[in-house]
Amino acid sequence: MSEYLPIAILMTSLGVAPLILMMPEHASRLRTTVNLTAATLKLVLVVWLTAVVVQGGSPDMRFTVAPGLDLHLQADALSVLFLALSAILWLITTVYAIGYLENGVDRSRFFGFFTLCVASTVGIAMAGNLFTFLIFFELLTLATWPLVVHRGTAEAHRAGRIYLIYTLGGGLALTVGTIWLYTLAGEVTFTPRGVLGDLPQTDSIALIIIFVLLIAGVGVKAALVPLHGWLPLSMVAPAPVSALLHAVAVVKAGAFGIMRIVYDVFGIENVQELGLSTPLALLAAFTIIWGSVCALTQNDLKKRLAYSTVSQVSYITLGIALVSPLAAIGGLTHLIHQGIMKITLFLAAGNFAEAHGVKTVSAMNGMGRLMPISMLAFTVGALGMIGIPPLAGFMSKWHLGLGGLEAGQPEVIALLAGSSLLNAAYFLPILYRAWFLDPPDPAPVRRKLGWMLALPPAMTAVLIIAAGLFANASFSPLGWTRFIVSLEYQ
Amino acid sequence: MIEVPLWLVPTVPMVLVLAFCIPRLRPYVRGLVPFAPLPALLAGLADPGPMPLRLDWLLLGTDFAVSKTAATFLIFTSILWSLAGWQLIRLLARDPAQDRTIACFLFAMTGNLGLLIAQDIAAFYTFFAMMSLASWGLVLHGGGVAQTFAGRVYIVFAIAGEVALFAGLALGHFATGDLRLSAMTGDTVPLLATVLVSLGFLIKLGAVPMHLWLPLAHAAAPAPASAVLSGAMLKAGLFGLITVLPLGQTALPEIAVAFAAMALAGLILAPVLGLVQQDPKAVLAYSSIGQMSLILLGLAAALAAPGAWVLIAPALVILATHHAFAKAALFLGVPAVWAVDRGVMRTSVLALMALPALALAGMPGTSGWLAKTDLKTALEGAPVGWSIWLGTALFVASLGTSLLMLRALFLLAGAAHKPETARDVALPWLAMTALVIFGLGVANISPDVAKTASLADLLPIATAGVLAGLGGLIFHYAGLRMEPAAPGEVLGMVRSVSKPEPALKLLPAKRAHALFFRRPTTTLLRPERGALAILSIAIGLALFTTLTPVPASVSPSLPTGEYAQ
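Quick note, the sequences are listed as chains A and B, same order.
Under my numbering, the first residue of the first sequence carries the number 8, and numbering increases by one thereafter.
Under my numbering, the first residue of the second sequence carries the number 5, and numbering increases by one thereafter.
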């Protein structure tokens, strides 16, 4: 029974997407029911899958497309990490999106592609080989484009165009790298500690080039500097899309891709032997600082958050590139932690814009009094990003810092300290304005928020607190990543 | 004594914060604020101490326990938070922003009480951060220009302290592999880790030159918040230092010299800068810097001569407890002064406030005298090179405190009557004043009472009286008045700070009285520049005296080896 779980989980979104796309625009009740049922069902199935994986199972499915070219779905511990994130946050974001787009236009199109987008992340999470990964990775690009340009303004179309140029360029690099690797090594199935095994010396130049191609391909989505240009522009998308893009789908798919390539294709030891781990770590370090510095200068709230994502996602890359189990724990945990923190920030930011038309940092005055729940959620997210204990972000930073020391690179501590200072410098002024300055009188009011908008950020804020407070419990993200890392570093 | 489960200590104030999120419950929660530190008080008083608690699932695995030092700290900290909370809810009863401030107050209380019982790095750091960040809200209460400026300076220092702590704790934990905070004292901990962690605590302690936030924050915050800032939260820095430094085990001469230099600079700077303040709360804040410098001096001596720690430790605990009660009584007295108009009432209030003031100045028979003589005795165990100036330093400390106390009382005597202040703010103040007398007993401290006061102990107070009298006469007959000094000292030199002109101006009040000055000279003295000069001289002197090699013929006055463990 459990061997059908991967395909069942994939179908809860991939199978539902065309249904939603075909629904008439006015059938909003039906659409909502289908959406929420699918999201809930997916969550239940993921919980089931987690139980299976914990007991040592690894459900596996193959469909041969062409000789030597298999579509391979496989659920291992790393997939479950990403699946759990996407299942929980998809449900929350769907609720939010339904409230957000109440009385909107083109909702069938929106929710159809929204579901397709999640289907792609599910595929990416469970891809068992590089080919399958590539297919879903490209599907994700195509599924997100309609969401970015959803509003149909000239600005949205420009952002969409740039998004496509960046991601299709990255996709091309990834495709070339994949084909090259398949010609060299045959089928590249993801296996812990790398599929390439002992590398023949002669191939090292080719392998380095392949590695660069693959990382550049996924690095576009992971917004590694200098491949991050599309991310701040795509802020024109509606709030739930931004939230999903930054927390689960696109950016995380990139970071997850880096994980798969380093851990399960090359193997961390081979990456180190090829001399590639240090450059990758340096690139991540530079991105962390650069993103934060850029965030400082943004007055547009969502742009500031976007640059913050550029910076924070590179924590994950840094954790992978530092050759150390503790750093890996930090990086992998941050995949989850950054997700719940960033989605909270974006959902709250969306609420400010919806309720009071507040889109810039300078207009945030008195937000704490006007919208206490959303602002509390935002505060928790922001403090978590700075790395204030006991919130989730602290746990990632703590392990990353220890990992840096373990890898013999104490500079990482200085990097994290600097990043925390920069995070404080761009988040605390927002909190100051919101809680300690008076709102404009009279405050501009656009609409009243229902529970569907107010509740999701509050729920994710609770997750941030819980993920940090109960970090040592086995069911926490930290507990799960410890389990994963024990498989990679044996 | 009632047996209290330790988890109640941080949980009770935390539950009140959560209850605060429901607007309908707020009126009830406000009334409960003074009772929130009750479990902490009981835990501190319990004999034998409460059962240690191990919570594996919390944070990275959390340990709660109460050490002997922590018990004393718990007692005075919880009493301070309780009485300050009482005054806060009365003082802000009609303030529209009261709920925000009370929530911050409860948050900071959770942190302050929690860090005293946390045994592991993650929990300690969590509580410390909670306390530091929530106090930001206390400093910003009121939202005036002064509060905004103070808030900005405060949060910069607080975040810098957090980051230094993070880096230091991570380095230390990696070296030892031990998550217990006390492991930071181990031999394998790199010096850099100790320095970074100390830096985080020194910022909280208000050691010069990391003190810049302190006078601003204390002056800006509401009086009861200043009372806990000064009485309880500065001591959290001390508690942290006591916990992480290898006191009594290993000598750290470099850190000792740095601490001594900071302490001396603080002892000299505090009165100089405090005396030119116009706000009584700022004067009290500078006096706190002076007192904390005295504590720092004790730590420095113990770091230089580990053998002296057995005597210095109890002296420092007494000094901390005494300062907590006395300074809190003074801060809580400020609203009591506002509440009454000039006349008999105000005179009586001021007369009662003179009690903690005298205690701080070290009047024989008071807790301050006990603390200072204890410290004096303990410091005889310091390295020989130090004894040359230690006596002078202690005298300067007492003289400075006495002058500052006179200045504070003088300013309070002339403070404006604020009729909107409820008169019952005086009740917690009265309770605190009583604790100045009985506080050491409540805190289970039984100092060596066999000591007798000598006339020399009165010398600093007498000198201060004479100096103040002379100063008053000169100011009166020369017709001088003091212009407000720049808040933020050296920060006042930063151009972007829009504050009153950054200068101590001695301006003739009336032309006719201008005996000393022919024409109005605007800028005679810039206190912040003078402060810089004094700071550098003090550091130079301290480095010189401590680094000068001791002649081999001189035998140490107290054997350092005997006490070493």
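Where is the CB? At the ideal position from N, CA and C, for every residue including glycine.
Just so you know, these numbers come straight off a predicted model, no measurement behind them.
Span separating the alpha-carbon of B:Thr425 from that of B:Arg346: 14 Å
Contact residues within the segment 44-68 of chain B, judged by C-beta distance below 7 Å to chain A: Asp60, Trp61, Leu62, Leu63, Leu64 and Gly65
Pick from A:Phe293, A:Ser331, A:Ala478 and A:Lys349 that is closest to A:Ala313, judged by C-alpha positions: A:Lys349
Short CB-CB distance (under 8 Å) between A:Gly274 and chain B: no
Chain B contact for A:Gly408 (CB, 8 Å cutoff): yes
Check whether A:Ser403 and A:His344 have beta carbons under 8 Å apart: yes
Buried or exposed (CB count within 10 angstroms, at least 16 for buried), A:Ser481: exposed
Amino acids of chain B, ordered along the chain, whose beta-carbon sits closer than 7 Å to that of A:Leu123: Correct list: empty, because the minimum Cβ distance to chain B is about 38 Å.
Assigned secondary structure, A:Leu108 (DSSP; H/G/I helix, E/B strand, else coil): coil
Cutoff 7 Å; reference B:Met18; Cβ partners in own chain excluding five residues on either side: Thr114
Boundaries of the alpha helix (DSSP H) in which B:Phe128 is found, first to last residue: Ile125 to Leu144
Cβ pair count under 8 Å reaching 3, the segment 233-243 of chain A against the segment 192-201 of chain A: no
heavy atom of the ligand NAP below 7 Å from B:Leu206 C-beta: For the structure depicted, the ligand NAP is absent and the ligand set is empty, with no information on it obtainable.
A:Tyr107 burial status per 10 Å Cβ neighbour count (16 or more: buried): buried
CB-CB length for B:Ala47 against B:Pro54, believed under 8 Å: 5 Å
Proximity of A:Ala150 and A:Ser127 at Cβ, strictly below 8 Å: yes
Buried versus exposed, by CB contacts within 10 Å (16 or more), B:Lys376: buried
Any C-beta of chain B under 8 Å from that of A:Ile471: no
Bridge partners - A:Met371, DSSP secondary structure assignment: A:Met371 pairs with nothing; no bridge assigned.
Proximity of B:Ala260 and B:Leu307 at Cβ, strictly below 8 Å: yes
Contact list for the segment 400-430 of chain A against chain D, Cβ threshold 9 Å: Looking at the structure shown, chain D is missing, and the protein chains on hand are A and B.
Cβ of B:Tyr129 within 8 Å of any chain A Cβ: yes
Where the beta strand (DSSP E) containing A:Gln81 begins and where it ends: Leu76 to Gln81
Burial state of A:Trp237, where buried means 16 or more other Cβ atoms lie within 10 Å: buried
Beta-carbon neighbours of A:Phe434, restricted to chain B and to distances below 9 Å: Simply none; closest approach about 10 Å.
Closer than 8 Å to chain B by CB, A:Trp442: yes
Chain B contact for A:Pro2 (CB, 8 Å cutoff): Outside the displayed span of chain A (8 to 497) sits residue 2 of chain A, for which this structure offers no information.
In chain order, each alpha helix (DSSP H) run of at least 4 residues that lies wholly inside the segment 233-259 of chain B: 238-248
B:Pro275 vs B:Gly404 beta-carbon contact at 8 Å: yes
Contact set between the segment 194-222 of chain B and chain A, restricted to residues whose Cβ is under 7 Å from the partner: none
Coarse secondary structure for A:Val54, derived from DSSP in three states: helix
Interface flag, A:Asn358 vs chain B, CB-CB below 8 Å: no
Local conformation of A:Asn136 per DSSP, three classes: strand
Listed by chain order, chain B residues near A:Phe477 by CB distance under 9 Å: Trp61, Leu62 and Leu63
For A:Thr198, the three-state DSSP class (helix, strand or coil): coil
Cβ-based neighbour list, B:Ala286, same chain, cut-off 6 Å, excluding 5 preceding and 5 following: Pro219 and Ala223
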